[in-house]
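As you go down the protein sequences, you meet chains A, B, C and D in turn. When you line the first sequence up against our numbering, it's residues 1 to 601, in that order. When you line the second sequence up against our numbering, it's residues 602 to 914, in that order. When you line the third sequence up against our numbering, it's residues 915 to 1425, in that order. When you line the fourth sequence up against our numbering, it's residues 1426 to 1701, in that order. Okay, structure first, notes after.
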Amino acid sequence: MTTTDIETVVQADAPAKRAGALRRLLRRPLGVMALFILASLIVLGLLEPVLNTHPPTFSSLQHVNAPPGTPGWPFGGDQYGRDIWARVLSSINVSLISALIGAGVGLMVGVGFGLIAGYVGKRTDAVSSWVFNLLMTFPSLVLIIILFPVTGGTFQSTMVIFGFFLAPGIFRLVRNLVVGVRNELYVDAARVSGLSNRRILTRHVLYVVRGPIIISAAFLASAAIGVQAGLAFLGFGAAQVSFGAMTSDAFVNIYSQPVQLVWAAGFLALLNGSLVLLGNAYRDALAAPQATVKRRPRRLLGEAVIKPAVSDTPSSKPAADATSGLLTVRNLWVKYPQPHGSEKAVVRGVSLDVAPGEIVGLVGESGSGKTQTAFSVLGLLPKEASVSADALAVAGESLLDKHAGAMRRLRGSAIAYIPQEPMANLDPSFTIGSQLVEGLSAGMSRREAKDTVLQLLARVGITDPVRTFKSYPHQISGGMAQRVLIAGAVAGRPKLLIADEPTTALDVTIQAEILDLLRDLQGEYGMGVLLVTHNFGVVADLCDRVLVMRSGEMVESGNVRSIFHQPQHPYTRELIASILDEETVRTDPAPGSARTHEEAL
Amino acid sequence: MIIFLLRRIGAGLVLIFVVTAFTFFLTYGANIPVARNLLGNSANAEQIATLNAQLGLDKPIFEQYFRWLTSTLHGDLGTSYFTNQPVAEALAARLPVTLSVVVVASIITILVSCALGVASAARGGIIDSILQGISTIAFVFPGIVLGILLVFIFAIQLQWVPAIGYVPFAESPSAWFLSIIMPAVVLCIGGIAAMAAQVRGSLIDELGREYVRTLRSRGTSERSILLKHALRNAAGPALTTFSLQFIGMFGAALFIEKIFALPGYGTYAFNATIQGDLPAMLGVSLFGVGLVVVVNLLVDIAAGWLNPKARTS
Amino acid sequence: MRTKLATRAAAVTIVAAFTLAGCSSGGGSSQNNAAQVDRTLQLAITAPPSNFSIGNWSGGDATLFNSVYEDVLGFGVDGKVEPGIAETWEYNNDRTQLTLHIRKGMKFTDDTPVDAQAVVASLEVARKGASTSQNLSAVTSVKATDGSTVVVALSQPDAALLPSLASTVGAVGATKVLTAESSKLEPVGSGPYVLDKSQTTVGSTYTLVRNDGNWNAKAYPFKKVVVKVIPDATAAQNALRSGQLDVLPAAGTKETVAQFPQSQFTTGENKATAFGALWIVDREGKLVPALKDSRVREAINLAFDRDSIAKNLTGPGSAPTNQVFSPSGQAFSKDFLSKTPFDLDKARKLMAEAGYADGFTVTMPSTPVSTTFESTLTQSLSDIGIKVKWETVPFQDFYPKVFGGNYGMFFMYNGYSGSDAQDVKASLSGIFNPNQNTTPELQKLLAAANSASEADQGAAFRAVNNYLVEQSWNAPLNSTSGYYVASNKVKYTPPVSYGQNVKPYAPADSK
Amino acid sequence: MTALLTVSDLRLRYPGGGFRKPSPEVLKGVSLEIAPGETLGLVGESGSGKTTLGRAVLGLAAPTGGSMVFGGKDITRMPQRQRRPLAQDLQVVFQDPYTSLNPALQIADILSEPLIAQGVDANEARKRVGELLDRVQLPANAAERYPREFSGGQRQRVAIARAVALKPKLIVCDEPVSALDLTTQARVLELLIELQRSTGVSYLFITHDLSVVRHISHRVAVMYRGELVETGPVAEVTNNPKNEYTQRLLLAAPTADPDRQRERREARRQLLAAAG
């Protein structure tokens, strides 16, 4: 079970209400605020003819540098006696038009070509990607400035050009999304169903790119506004009323009339800020449907500490005394916080034991809590999980309330872990050797550590340890990678090995080899093994004892033969019955072949 | 790798060629009355015609372009119409100014944004909120205002740094640093926010990956997981963001140069443009694109170095 | 006309850069007794000089140019012509021949002698030069009669000749490099300073080192002058505040300079340096027929409340004017202001009489320089029925568009040269008179003024002034002086005209 | 014999690779036949080319050689447009029920999509959705819900319903049960067999799981590195494999009985020892 599975577990009974991204956006204070500011500014801009006290270029000689609040000059006058309020209103419109043009052109070009390139692929994709990459590397501001004589300097035409420079980002985004969608199985299914390309694009592809496009539109708009203002600040198109020109005017006056800078810069900041915040809030709303969970600050580093059980988690069985076994778990609970403040228990009062040198299989279907149980023992559950138990001990050492450092030392030595997906569990940026050497406990010289690792690699059946030592993960096969991970796990001579579906991602032939290796190593090191799996073949091959879990509870445990031959619990019986019998082979004839048979007769 | 580099260099040359040709034909098409602007108010038609002939502006456009291209290939970018300074010489004097600012700003950006991003990803909570706040403010807070504020405090009140101008490194490294540190700080504020957010996001992605859990299962320290493994893997996406940042800063340097009166590439581009100084404009676009090509190449090399998959295949 | 977009800041700054042809150097008081100190003077200019080649000086701040070259004549701080390379000079009776007596023993910085031949050579180049030929258009020949005498022959008397020779037009450079390519950036003159190439970065910093061989070197107290290019007005102010500049001769408005603490800075008002005017160039009515009618032009003049403009729009440091002559000169008359009072009723009546009771529409170019005045212009003109359509003109297109006859009128500044003769000449040529309009009366008045003796010139040019005002030739609105700020280390004496060598600057501790 | 699908000497190489080093061939001349109403199980390990073969039949991958004839028509290089009517007869069920259904669409839309694409009236299509849900034993109120509200097994039933909506002659099943839990897997297989019996549809059933193959297939084809190494009736191939790779494959799969698994392990070791 991977992290995504954990999330599925967490979300499993989240209310099925389908709050749209927009509604989720409105639940965020920042989003609402940004939306409100933006809407107000747009309204101000639209109502300019009604609201403005003067035309923006009107100047009254009596109102040069008039203070704010002068009747008819709410924000005062600038150094030429122009009404700052009227100029602000007009500038809002200029900014909004800039945003519309810049973002509009950027979106049209970027989305249009992105859709085509992503969906058609092949040469179209190659050519347009090349062109847009080229466009992306243009120093756009410099080129816009250079093209100033060509555009005639109106902000509209400048924004059209700038729109083209904005397009590559959108193009990349849309193209990559579309390429992703194009490879989705549901698009394949639609194609097989005979849908036309146009229909697939509109029905399946556009839906996916919609959200990201809205988000980038907000950022593009803010970029366009910024560039327009910046150019005007520099003096390009200075005759046009705009925030840039206003800022520039105020900049000159900065020492005598600093308040004038507040209007221009302030409104510009409001406009840009609301766009960016809106984009961010919408992105968050899209990304995290149950983002209210975030109430609790999420620490990404560190793991959940296992707490002693408290009274609100009643023991299903009376707490047994800690046995002298290798692993002792009594009344383990794992809970995750839910969006509405409640907690969901994914492991409910599980107790289990692993004796030294014993291989115990932990079976169950997805969502049964078997992986959560295993990770509890490793102390590797995410921080937001709350874990409690009456007893949890490895080799007599209690893990309850153990702080991170002590858990880490324990993991480096007494407990080891073999994951499911071998490739995903190796750091792609480091050589196999360096990753394994790092895992070895300190006190060993680099030379010794390297020798040890090479020996280990040889031990796990890697034919050319030296070469593998120097290789990067992508240079070795999945089966090899799993051997490397096993080597890493047993390097510290652990007493307890926790293997989470160690062969599920592998082909059967490789699986057989890995199972052999695990059995050999277990015998050699005398490790106790807790093997999490859903494959009864693997259980039959490796395990001494089996524990069956369902919905976070332990339903049955017993000797491997008794579980297979005399399952007690109805669920176990159902599981065993579901195993496809090797003896039964489909015998009913195919109607078609039967007909051919008749025809042959 | 070598083939890859050669291909990138080739593509870069094509890019340079395309952009300069683009600039040439467009600016030519804009029909800027160069001679009139040069000679000013009192010149008569005859003097203008003479100057046009002197500058070769009476020749057909393709001939002019060919002349520019051949002389450029010989390393001669021509002479500015307006300052009468060889364009190459002017750019050689001005690029170091802008590059100093941009490079120092980049270094600050990388250091600070990595620190912020790491802290935010690792600690979350308050630091995360602070980062969000900073990035929002940085995004909306006009750099001009910040620039003015910094000048007022550090140059005028405290007199720790000069208010304007640039001192070449060769003249005095310490004066050089003082002359560019404020522009660099103003320039990198926005970039830091964006980069830190990027680093944070990538780091969070990396920390959620399975290999991190496996590293933990072997007792690897959180410090090593964060700073060695996760950061290394997060560096790739951050690098791409950085390259765009760098190019962006190069454009934004224009505003900074105005506020701090730095004789840089941006002001040169600005002047060339408003004067219609064709040779200077072409030189500007040549160097601008050339620089972008070089930066992208370096980023590609760095990305290749970071990504063993790209490096080993 | 260069790099002025960024200088829309202070009108005065713009004016400085806009001072078109014939920027003259006003002489500082020749402080012969000034203590020579090894101090460095730090100045700012808004745009770098494009070249130092004689005859091609394209305007802008002439500090560098006039410091490197010694001119034939010089300007005093009061605007009077003083000796330069020529120690003395005299006209013949009908003022068509000027004899210059060249100072002996002078040398260019390349050690070649500054003699009559050198003067002739430089003037011959200037006669052909694109930026100077117009100033010397009356000159028919320049001859050296001996090693130290130069005779300049004129086709007709030209009162502007002496001031021209005292300005960049009269610059004298080393004969060998006069037209050489190198002269564009490496001038060789005999002026008070030498451009130090090693400490100069073209386009950003220019360093002048005193030429102790100059005949008047004692008048220049600063051993070194560093001139920084700072296009942005606020940046320049910051530089001054932080001690990176010593003086800002055109710091801006009174309000701006008031922000400088008095404990560290001295501030003061400059002499009038330029004027802003609505130039009515289509006097033949080719584009805007109404402008042919002098009643319409008069109505335009009556539509402006010049006092308010000066008081409120341009503020302290500016004054109302309806004349193209400098208030510091002799041709200017305060009384003429009453000829065009702010009188909308009369203006509307004049419009009606001319047949334009409903007004008309006129298109004017909007440039960074005009923005200050645009709303006022729009407002005032619409009060008499004239609707203005502003057309944004990229800077580089301004001259060609005006010369191409695209506008009936436009707003622009013109700088005062310090000479009435030069001022009127500039106002009647180039973009300010692209159609070269004239009238027999005007010609007569100009001829009389040009041939008048020094003593009579003032009255004669005042007559020209009177004619131009009465005919509503243009609509000047506002003369401006602006304010300077100097650090307490430097004493600055505002000259009559802007665009000087460093004569106006002295260490504060000298007398 | 009138095979429904005849694949002859099919070769496929994915585009890409360099000028000197072409991309490897994924299918190296595969030939097989499927009769009407028959299930052909296609087994092989990852990278053996079994999924590619399925995609080639579906027109999602372009063959570089050989031919495919379906229902008498050559479909080897049929352009997309002409292929569309083929959807009536040729359908698919994919492995991953989480990505084979568009998360944005309601079940009703997902199920009516192929119908509408084939020109069925929208109202009529909507009506048929109910029948289809019933066919795959899902409640009728499932129609208004979204895929994420269902478990893996239920999603796979939706995918099956989509596949049978047009009453096709052949369904390519690409590992349809390998992502499902044990209990669910058995029930989905039952459903598939039931559908086959009632409609006479043929399956090209791609899987890596031999017990699944035994359960559902009439005949089995074993694929190894882009080639078919053994084909035959399911009992024959699984009980008495001729090919050495097939033998290895069979012995490598652990059986869910500790004692028999021990024997199988021994047998496998001997086989490997003999081979090695």
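Quick reminder that beta carbons are idealized off the backbone N, C-alpha and C, glycines included.
Item                                                                                                                           : Value
Neighbour flag for residue 990/C against chain B, beta carbons, 8 Å                                                            : no
Cβ shell of residue 325/A (< 7 Å), same chain only, five flanking positions each side left out                                 : 353, 354, 355
Chain-ordered neighbours of residue 425/A on chain B, where CB pairs are closer than 8 Å                                       : 811, 812, 814, 815
Close beta carbons around residue 1322/C, own chain, < 6 Å, minus the five adjacent residues each side                         : 1196, 1201, 1202, 1205, 1276
Interface residues of chain B facing residue 429/A [CB-CB closer than 8 Å]                                                     : 830, 833, 834, 907, 908, 909
Secondary structure, beta strand (DSSP E): runs of 3+ residues fully inside the segment 1053-1134 of chain C                   : 1053-1060, 1063-1068, 1107-1109, 1119-1124
Neighbour-count burial assignment, residue 615/B, 16 or more Cβ in a 10 Å radius                                               : exposed
Residues, ordered as in the chain, of the segment 1680-1691 of chain D that lie near chain A by beta-carbon distance below 9 Å : 1680, 1681, 1682, 1683, 1684, 1685, 1686, 1687, 1689, 1690
Residues sharing a beta bridge with residue 559/A, DSSP                                                                        : 545/A
Amino acids of chain B, ordered along the chain, whose beta-carbon sits closer than 8 Å to that of residue 1313/C              : 634, 637, 638, 641, 642
Residues of its chain near residue 541/A, where Cβ-Cβ distance is below 7 Å and the 5 sequence neighbours each way are ignored : 515
Start-to-end residues for the alpha helix (DSSP H) that takes in residue 1433/D                                                : Unbroken run through residue 1433/D is the beta strand (DSSP E), 1430-1438; no alpha helix (DSSP H).
Reduced DSSP category for residue 1232/C - H, G, I as helix; E, B as strand; rest coil                                         : strand
Selection of the segment 141-163 of chain A by Cβ proximity to chain B, strictly under 8 Å                                     : 141, 142, 143, 145, 146, 147, 148, 149, 150
Stretch-stretch touch, CB-based, cutoff 8 Å, three pairs: the segment 805-816 of chain B with the segment 757-775 of chain B   : no
8 Å Cβ cutoff met for residue 714/B and residue 847/B                                                                          : no
Spatially closest choice to residue 1236/C from 1392/C, 967/C, 1278/C, 1177/C, by CA coordinates                               : 1392/C
Residue 439/A: contacting residues in chain B (beta-carbon distance under 8 Å)                                                 : 816, 819, 820, 821
Meets three-Cβ-pair contact criterion under 8 Å: the segment 1376-1384 of chain C and the segment 1096-1103 of chain C         : no
Under 8 Å between C-beta atoms of residue 1146/C and residue 859/B                                                             : yes
Same chain, Cβ closer than 8 Å to residue 1486/D, neighbours up to 5 away in sequence not counted                              : 1437, 1439, 1477, 1480
For residue 1299/C and residue 1259/C, believed in contact at Cβ under 8 Å, the rounded distance                               : Rounded, the Cβ-Cβ distance is 13 Å, inconsistent with contact.
Burial state of residue 73/A, where buried means 16 or more other Cβ atoms lie within 10 Å                                     : buried
Sub-8 Å separation of residue 1159/C and residue 1150/C beta-carbons                                                           : yes
4-residue-minimum alpha helix (DSSP H) runs that sit fully inside the segment 139-192 of chain A, ordered along the chain      : 140-146, 148-151, 155-182, 185-192
Among 167/A, 245/A, 198/A, the one whose alpha carbon lies nearest that of residue 82/A                                        : 245/A
Cβ pair count under 8 Å reaching 3, the segment 191-209 of chain A against the segment 160-170 of chain A                      : no
Where residue 1434/D falls, given that 16 or more other Cβ within 10 Å makes a residue buried                                  : exposed
C-alpha gap between residue 1253/C and residue 46/A, whole angstroms                                                           : 47 Å
Pairwise C-alpha distance: residue 513/A and residue 584/A                                                                     : 27 Å
Separation of residue 662/B from residue 1004/C, as counted between CA atoms                                                   : 53 Å
Alpha carbon of residue 732/B to alpha carbon of residue 790/B, nearest angstrom                                               : 12 Å
Cutoff 8 Å; reference residue 417/A; Cβ partners in own chain excluding five residues on either side                           : 378, 380, 411, 489, 497, 498, 499, 500
For residue 249/A, the first and last residue of its enclosing beta strand (DSSP E)                                            : Looking at the DSSP string, residue 249/A is not in any beta strand (DSSP E); the run it does join, the alpha helix (DSSP H), is 243-252.
Straight-line gap, residue 1360/C to residue 1071/C (C-alpha atoms, nearest Å)                                                 : 10 Å
Residue-chain proximity (residue 311/A, chain D), Cβ-Cβ < 8 Å                                                                  : For residue 311/A, the pLDDT reaches just 48, beneath the cut-off of 50, and the residue's location in the model is therefore unreliable, although a value from the coordinates is still provided. Chain D contact via Cβ: absent.
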